[in-house]
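Enquirer: Could you have a look at this structure, given as structure tokens, before my questions?
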Amino acid sequence: MSDAQLTDLPATFDPALPYELHPQVEIRPEPFGALLYSFKTRRLSFLKDPVLVTVVRGLADHASASAACRAADIEEPARLEQFQRALATLASTETIRERST
Amino acid sequence: MTAAIKPPAVLPLVEHFALGLDAPICLTWELTYACNLACAHCLSSSGRRDPRELSTAEAKAVIDELERMQVFYVNIGGGEPTVRSDFWELVDYATAHKVGVKFSTNGVKISSAVAERLAGSDYVDVQISLDGATAEVNDYVRGVGSYDTAIRAMENLAAAGFAGFKISVVCTRQNIGQLDEFKAIADKYRAQLRLTRLRPSGRGADVWDELHLLPGQQRELYDWLVLNGENVLTGDSFFHLAAFGDSLPGLNLCGAGRVVCLIDPVGDVYACPFAIHESFLAGNVRSPGGFQTVWRDSKLFAELRKPQSGGACSSCSAYDSCRGGCMAAKFFTGLPLDGPDPECVKGYGEIALSKVTPGLSPKPSLDHSHKATLANAPVMLTLDRKPPSRDCNEDPVAGLRVEALA
């Protein structure tokens with residue numbers, strides 16, 4: 002919705018680092034993927050790919066963001082790059098965050 | 043002819059939304075019809091509390107359901123929601139159950155102590171209504187003193203460090219020249235400006251002819267939004283203006299009964315906040331199965347989620363942009379729902395309106411307006427609530443509708 006807020010944060014995302022869903026973000030499954038809401042930024046976003054939903058949910062269980070992608074069978078380089086770009090966007094909007102291990 | 047074999051197309055998000063989701067994305071919940079003001083354009087005809095309003099326990103049960111359905115936030119309004127004695131209790135209950143709250147207020151209860159408390163919560167957002175960038179323009183529609191009340195609330199919020207609260211403006215013929223001034227007020231208080239469309243709903247129907255934007259002003263608003271739209275919220279109000287050219291930010295879709303709805307103070311569920319009329323009533327949260335059953339199974343919502351035809355608009359080149367405009371705006375101006383919006387930027391709305399018999403457009407089913415005129419009530423140019431059916435017809439039963447003959 003256009004009432005979602007825009008936050009401009011520097012996008013620093015490194016697929017080699019461990020990530021997790023931001024604790025103030027909730028996921029609601031939908032036929033098209035998922036609806037995400039951040040109670041921190043009050044931003045609503047939509048994940049339009051069910052596989053991306055799996056990856057986001059799995060981030061906390063893997064040693065790195067790219068490992069989470071591989072666990073969801075994202076191997077093909079172009080597709081992997083696409084997923085990493087999506088994750089970078091999610092990091093820049095505080096939907097996911099770097100995890101301290 | 044060779045047919046290329048394509049993978050199944052992924053349905054665009056907006057098409058998913060048009061077909062409805064299992065739960066609303068967000069919803070508007072009007073907690074009370076009581077209000078300390080008597081705004082001329084109030085879309086819920088508020089003023090007096092309704093004795094049937096949901097009790098604290100019933101309201102909490104609705105919040106429990108919203109939590110189960112994962113409705114992440116509600117837009118609480120009224121009436122003036124903060125005059126409910128259990129208002130803060132309900133806000134706390136909602137946020138403790140992962141239902142975020144944005145509430146709309148005229149600012150009457152936003153003292154510095156309340157502002158401090160609000161600034162401390164991530165889960166509560168505040169929206170102050172302001173319909174003029176000057177007292178003169180604001181108070182004309184909202185009543186004497188309402189500008190000062192709103193500004194005081196903003197000062198309190200800013201002083202408490204509540205950045206990013208919303209200033210919500212209903213765009214009217216009188217304030218459309220003040221858009222830059224509204225933006226300056228928002229910047230001054232570190233707030234975010236939100237512009238919405240005037241609807242001919244509730245008492246808004248009585249003043250629509252006097253307040254709604256003139257065609258040139260619609261263009262002015264569109265151009266301003268194209269320039270400033272990134273940092274200005276619109277609640278997806280202006281998708282009918284998309285027919286001017288590029289779409290404005292947002293879904294550009296009527297979400298009524300598909301991704302949004304309204305719960306009114308007595309628990310009635312309507313398709314949208316601008317459609318408080320029995321024609322758009324889907325059910326009541328007090329009925330067995332509660333809100334979830336109304337949302338998922340009501341006949342009205344099932345109807346709204348069917349693919350819509352453009353009706354009279356389907357041959358228009360702009361239909362894909364504006365999708366025929368706002369259902370409520372059409373309904374309360376007496377236009378057919380599958381025809382043009384009354385403010386159609388191509389001018390088809392005006393043509394359609396010229397064929398509507400004055401005084402016969404549907405009236406709101408409910409009216410909670412103050413019975414006695416408030417001392418500070420706005421005095422509008424439009425004096426009579428029901429115009430005579432013909433220009434010179436003063437017969438007291440003129441325009442009386444006899445259904446059997448209709």
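Protein chains in written order, with my numbering: chain D, 2 to 102; chain S, 43 to 448.
The beta-carbon is built from N, C-alpha and C at its ideal position, and this holds for glycine as well.
1. Relative to the C-alpha of S146 (chain S), which residue among S:G366, S:V116, S:S154, S:Y135 is closest?
2. Taking the beta carbon of V397 (chain S) as the centre, do at least 16 other beta carbons fall within 10 Å, making it buried, or is it exposed?
3. I318 (chain S): buried (16+ other C-beta within 10 angstroms of its C-beta) or exposed?
4. Please list the partners that Y20 (chain D) has in chain S, where partner means a Cβ-to-Cβ separation under 9 Å.
5. List the whole-angstrom C-beta distance separating P450 (chain S) from L96 (chain S), where the pair is believed to meet the contact cut-off of C-beta under 8 Å.
6. For the alpha helix (DSSP H) containing E345 (chain S), name the first residue and the last one.
7. Which ranges does the alpha helix (DSSP H) cover as unbroken runs of at least 4 residues, wholly within the stretch 289-316 of chain S, from first to last along the chain?
8. How about I170 (chain S) and A195 (chain S): do their beta carbons lie closer than 7 Å?
9. Measuring CB atoms only, is the stretch 297-312 of chain S touching the stretch 65-82 of chain S, in the sense that at least three cross pairs come out at less than 8 Å?
10. If I measure Cβ to Cβ from G332 (chain S) and keep anything under 8 Å in the same chain, skipping five residues before and after, which residues do I get?
11. Classify A324 (chain S) as helix, strand or coil using the three-state DSSP reduction.
12. Buried or exposed: R427 (chain S), going by 16 or more other Cβ atoms within 10 Å of its Cβ?
13. Which bits of chain D does L63 (chain S) rub up against, with CB to CB less than 7 Å?
14. Leaving out five residues on either side along the sequence, give the residues of the same chain with a beta carbon under 7 Å from the beta carbon of R215 (chain S).
15. By the criterion of Cβ-Cβ separation under 8 Å, what are the contact partners of E120 (chain D) in chain S?
16. At the level of alpha carbons, what is the spacing between S86 (chain S) and L221 (chain S)?
17. Name, going along the chain, the residues of the stretch 56-89 of chain D whose beta-carbon falls closer than 9 Å to a beta-carbon of chain S.
18. For F14 (chain D), would you say it is in contact with chain S, using Cβ-to-Cβ distances shorter than 7 Å as the test?
19. How close, in whole Å, do the beta carbons of V143 (chain S) and V179 (chain S) come, if the pair is a contact with beta carbons under 8 Å?
20. Grab me the residues of G309 (chain S)'s own chain with a C-beta within less than 6 Å of its C-beta, minus the 5 sequence neighbours each way, in chain order.
21. Taking the continuous alpha helix (DSSP H) assigned at E514 (chain S), which residues delimit it?
22. Pull out every residue of the stretch 255-268 of chain S whose Cβ sits closer than 8 Å to any Cβ of chain D, in chain order.
23. Return the CA-CA distance between T415 (chain S) and F59 (chain S), expressed in angstroms with no decimal places.
24. Whole angstroms are fine: how far does the CA of G59 (chain D) sit from the CA of L81 (chain D)?
25. Along the chain, where does the beta strand (DSSP E) that runs through G452 (chain S) open and close?
26. Against chain D, does Y165 (chain S) count as a neighbour if the rule is that its beta carbon must be under 7 Å from one of theirs?
27. Output the distance between the C-alpha atoms of E76 (chain D) and V141 (chain S), rounded to the nearest integer angstrom.
28. Mind listing the chain D neighbours of G142 (chain S)? Cutoff is C-beta to C-beta under 8 Å, in chain order.
Expert: On the basis of the data shown:
1. S:V116
2. At residue 397 (chain S) the sequence reads Lys, which differs from the Val that was named. Exposed, since its Cβ has fewer than 16 Cβ neighbours within 10 Å.
3. buried
4. What Y20 (chain D) touches in chain S: nothing, since even the nearest Cβ is about 21 Å away.
5. The requested residue 450 (chain S) is not part of the displayed model; chain S covers only 43 to 448.
6. 341-346
7. none
8. yes
9. yes
10. A103, V104, E107
11. strand
12. For R427 (chain S), the predicted structure reports a pLDDT of 46, less than 50, and the residue's modelled location is therefore unreliable. A value from the coordinates is still provided. With fewer than 16 other Cβ atoms within 10 Å, it is exposed.
13. E31
14. L253, H254, L255, L256, Q259
15. Residue 120 (chain D) lies beyond the range of chain D shown here (2 to 102); nothing can be said about it.
16. 25 Å
17. none
18. no
19. Not really, about 29 Å apart at Cβ, beyond 8 Å.
20. L96, N326, V327, R328
21. Lying before the first or after the last residue shown, residue 514 (chain S) is absent from chain S, which here runs from 43 to 448.
22. none
23. 42 Å
24. 15 Å
25. Nothing can be reported for residue 452 (chain S), as the shown portion of chain S is limited to 43 through 448.
26. yes
27. 38 Å
28. Y38, F40, R43
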